[in-house]
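Here's the structure we're looking at; comments come further down.
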Amino acid sequence: MGIIKVENIRVFAYHGCLKEETKIGSDYRVDLEVKADLQTSAVTDKLNDTVDYVFLNRIIKEEMNIASHLLETVAKRILNRIFKEDKLVKKATVWVSKLNPPIGGDVEKVTIKMTDKRKK
Numbered sequence: 003m004g005i006i007k008v009e010n011i012r013v014f015a016y017h018g019c020l021k022e023e024t025k026i027g028s029d030y031r032v033d034l035e036v037k038a039d040l041q042t043s044a045v046t047d048k049l050n051d052t053v054d055y056v057f058l059n060r061i062i063k064e065e066m067n068i069a070s071h072l073l074e075t076v077a078k079r080i081l082n083r084i085f086k087e088d089k090l091v092k093k094a095t096v097w098v099s100k101l102n103p104p105i106g107g108d109v110e111k112v113t114i115k116m117t118d119k120r121k122k
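Offset between the sequence shown (1-based) and the numbering used here: plus 2.
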């Protein structure tokens, strides 16, 4: 088993329960960790034998582009797509952070973390 991390993916999106959030948008940070068998790709040196982090980044950007009320919903969509579209991924954890959230205080970010694993 091996780990691939894609960290500090910065996107601008329109998530939130407040009407203003869905109109003006916000900055977000997404971090992703996937576990997969990387032994084959370590030997073959072929992209087809590993989890392509360009693919992972694309999924995150596409799912972050779909407005949702909750970050949990966005995180679950990201995980579902990863498992659906890449059979090598055995387990994945995603962190979705809203930077400077409008919660009435000086808060750097609010983050949700969600982990899932491939169903057998």
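We treat Cβ as the ideally placed atom computed from N, Cα and C, and that holds for glycine.
Because the structure is a prediction, the values reported are computed rather than measured.
- Three or more beta-carbon pairs drawn from the region 50-67 and the region 84-92 are found closer than 8 Å, and the two stretches are therefore classed as touching.
- If you ignore the 5 residues before and after Thr95, its C-beta comes within less than 6 Å of the C-beta of Glu35 and Thr117, all in its own chain and listed in chain order.
- Taking C-beta separations shorter than 7 Å and ignoring five residues to either side along the sequence, the partners of Ile62 in its chain run Ile11, Val32, Leu34 and Ile80, following chain order.
- Nearest neighbour of Tyr30 by Cα position, chosen from Val45, Phe14, Ala38 and Gly18, turns out to be Phe14.
- By DSSP's assignment, Ile114 forms a beta bridge with Val98.
- Taking all protein chains in view, the Cβ of Lys100 is crowded by 16 or more other Cβ atoms within 10 Å, so the residue is classified as buried.
- By the beta-carbon neighbour count (other beta carbons within 10 angstroms, threshold 16), Glu65 is buried.
- A Cβ-Cβ distance of about 13 Å is found for the pair Val76 and Val112, leaving them out of contact under the 8 Å criterion.
- For Leu73, the number of other beta carbons within 10 angstroms of its own is at least 16, and it is reported as buried.
- Shortest Cα-Cα distance from Lys7 to any of Ile105, Asn59, Ser28 and Asn82 involves Asn59.
- Residue state for Val56 is assigned as helix, using DSSP reduced to three classes.
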